[in-house]
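To convert, take the position in the sequence shown, counting from 1, and add 563; that gives our numbering. One structure is given here, and the rest of the page talks about it.
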Amino acid sequence: MSGSYEVAEATKKRGIPAWWVTVFLFWLGWIFMYADRTVLNPVMGELEKEFGLSGTQLGILNSVFYFSYALLQVPAGILGDKIGKKKVLVPGFILFGVFTAVTGWAKSWYTLLFARVVTGAGEGTYYGPQYGLSSEQIPKKYRSLGSAIINSGMAFGIALGLMTSSWLVYDQGYSWRMPFYAMAVPSVLVGVAIWLFVKEKKRTADADGAPVKKGKFSDLLKNRNLIITYIMVFCSLFGFFVILTWLPYYLQSERGIAGSETGFISSLVAWISIPGALLFSSLSDKLGKRKPLIMFLVPVAIISMLSIIWMPNMTGVITALCVYGLVGKLALDPVLVALVADSVDENNYSTAFGLFNFIGMSSSILAPIIAGAARDMTGSLASSFYVSAVLLAIGLFAMLFLKEQRT
564 MSGSYEVAEA TKKRGIPAWW VTVFLFWLGW IFMYADRTVL NPVMGELEKE FGLSGTQLGI
624 LNSVFYFSYA LLQVPAGILG DKIGKKKVLV PGFILFGVFT AVTGWAKSWY TLLFARVVTG
684 AGEGTYYGPQ YGLSSEQIPK KYRSLGSAII NSGMAFGIAL GLMTSSWLVY DQGYSWRMPF
744 YAMAVPSVLV GVAIWLFVKE KKRTADADGA PVKKGKFSDL LKNRNLIITY IMVFCSLFGF
804 FVILTWLPYY LQSERGIAGS ETGFISSLVA WISIPGALLF SSLSDKLGKR KPLIMFLVPV
864 AIISMLSIIW MPNMTGVITA LCVYGLVGKL ALDPVLVALV ADSVDENNYS TAFGLFNFIG
924 MSSSILAPII AGAARDMTGS LASSFYVSAV LLAIGLFAML FLKEQRT
């Protein structure tokens, strides 16, 4: 009997469905993971001054985080399917919380790099095991919606990180180090809560009593719909991480916005994405198909991405950012997550989701450093937005070949 079923039976006595508890704690997990990622971005100018960094070096500081994060995706997914998802997820989560504090303590460029590498590795154990556990427990008819609720933690985390960092440093006058200390303690506590309250039991037999057989990793690479989904997530995440990493800097340096305001303006993408993700994921569940929504969301995301640099005034820029938030990566993600879950057996969820996030996050390694290098060469970040739009168009073209049945 599945572990999710036994957890459900236990929680029925308390009147709380097991998957609600799981969704809530994983939602908190994404809040603090993304808060950790974004507290750095509003204070990149402070780091530039203190350590004498170039745009390329600032990009590298983000890229090394995402490199170690992406590198852990597939191993964490495979290990989670073998030894237990929580045994992989929780130690990594606590490690990232500890090294968030170490980042704030860093006294040199190399210590900063080391701290961000370890923080990224800790966070790298989360995605595959987390979505593996949640996809097992969330009823299929709520799969996109449940994933969207979990995913909305990313939006809250982005906003929390950007606004907390800007407020502490530019409004309250604290050092750039303070936001990292502020995020470290709650991050560790959430890791402990996941260990205590998210239940897991490895499935050894299916519903008919037959032994569960693990699929081969190579089988995932032969799955047409998975490959197309992986292409789409790579293309989607590139533009998202250009915005996530460089938007506060872009607003300050090229649009003349005060540092105290960039956190709030940048966070609009995250706030607007929450109703968008919930709306479109609900529509996806009702339709029973993912492709129609993807074919609508991506073209609008392309137009909004280009409009960020085309608009002549800040009213237009803010409008473009809000539209991107409504239809962009954070709204698209729950639909793609559901598409992965639709395409593989649940006993290989952790591995499939780990590979999904590895490929997606590979673009996050490239995006910050490419954008930083482009700024050094051209004096502007505009070219990075054009590249992001082209990649979204490539992902949209790949989606034309997706074949799915109504779920």
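Glycine residues also receive a C-beta, built at the ideal position from the N, C-alpha and C atoms. As the structure is a prediction and not an experimental result, all values here were calculated from the model.
- Apart from the 5 residues on each side of it in sequence, Tyr-737 sits with its Cβ closer than 8 Å to the Cβ of Leu-731 in its chain, given in chain order.
- Around the beta carbon of Asn-625, a 10 Å sphere encloses 16 or more other beta carbons of the protein chains shown; the residue is thus reported as buried.
- Taking 8 Å as the cut-off, the Cβ atoms of Lys-648 and Pro-702 do not count as close.
- The shortest C-alpha to C-alpha distance from Ser-816 to any of Val-903, Ala-639, Ala-598 and Gly-618 is the one to Gly-618.
- Thr-601 is positioned such that its CB atom lies no closer than 8 Å to that of Leu-759.
- Here the alpha carbons of Trp-809 and Ser-947 stand approximately 10 Å from one another.
- Runs of the beta strand (DSSP E) lying entirely within the stretch 779-846, each at least 3 residues long, are absent.
- When the five nearest sequence neighbours on each side are left out, the beta carbons in the same chain lying within less than 6 Å of the beta carbon of Pro-897 are those of Ser-707, Ser-710, Ala-711, Asn-714, Ala-840 and Ser-844, in order along the chain.
- Around the Cβ of Ile-835, a 10 Å sphere holds 16 or more other Cβ atoms; the residue is buried.
- If you look at Trp-873, you'll find it in the alpha helix (DSSP H) that goes 854-873.
- Straight through space, the alpha carbons of Met-940 and Gln-636 are spaced by roughly 32 Å.
- Nearest neighbour of Thr-666 by Cα position, chosen from Cys-798, Ala-678, Gly-958 and Pro-862, turns out to be Ala-678.
- Secondary structure note for Tyr-744: its alpha helix (DSSP H) is the uninterrupted segment 741-760.
- With fewer than 16 other beta carbons inside 10 angstroms of its own, Arg-787 counts as exposed.
- With 16 or more other CB atoms across the displayed protein chains lying within 10 angstroms of its CB, Val-653 is buried.
- A distance below 8 Å between beta-carbons, with the five flanking residues on each side excluded, links Thr-792 to the following residues of its chain, in chain order: Leu-899, Leu-902, Val-903, Ser-906, Phe-919 and Leu-965.
- Shown here for Gly-660: same chain residues with a beta carbon closer than 7 Å to its own, the five before and five after excluded, namely Ala-747, Ser-750, Val-751 and Gly-754 in chain order.
- A straight-line Cα-Cα distance of about 7 Å links Ala-961 and Met-795.
- Burial check for Thr-674: the Cβ neighbour count within 10 Å stays below 16, so the residue is exposed.
- DSSP, reduced to helix, strand and coil, places Glu-609 within a helical segment of the structure shown.
- A distance below 8 Å between beta-carbons, with the five flanking residues on each side excluded, links Phe-589 to the following residues of its chain, in chain order: Gln-693, Leu-696, Ser-697, Ile-713, Gly-716, Ile-757 and Val-761.
- Secondary structure note for Gly-647: it is in no alpha helix (DSSP H), with a DSSP letter that is neither H nor E.
- Counted as a single uninterrupted DSSP element, the alpha helix (DSSP H) harbouring Asp-896 occupies residues 892-906.
- For Leu-918, the enclosing alpha helix (DSSP H) has its first and last residue at 912-941.
- Inclusion of Glu-909 and Trp-739 in the CB contact set at 8 Å is not warranted, their separation being larger than that value.
- Within the model, the alpha-carbon separation for Val-953 versus Leu-807 is close to 18 Å.
- With the rule of 3 Cβ pairs closer than 8 Å, the stretch 884-891 counts as touching the stretch 858-876.
- Judged by beta-carbon spacing, Ile-928 lies within the 8 Å limit of Phe-630, meaning their Cβ atoms are closer than that value.
- If you check the CB distance, Val-805 and Leu-884 do not come in under 8 Å.
- Taking every protein chain shown into account, the CB of Leu-800 has 16 or more other CB atoms within 10 angstroms, so this residue is buried.
- Its chain contains Val-861 as the residues whose beta carbon lies nearer than 6 Å to that of Leu-959, once the 5 sequence neighbours on both sides are disregarded; these appear in chain order.
- Non-local C-beta neighbours of Phe-921 in its own chain, meaning closer than 7 Å and more than five positions away in sequence, comprise Ala-633, Gln-636 and Val-637, ordered along the chain.
- For Glu-699, the three-state secondary structure derived from DSSP is helix.
- For the pair Met-596 and Ile-866, the Cα-to-Cα distance works out to about 29 Å.
- Secondary structure at Tyr-597: helix, using DSSP grouped into helix, strand and coil.
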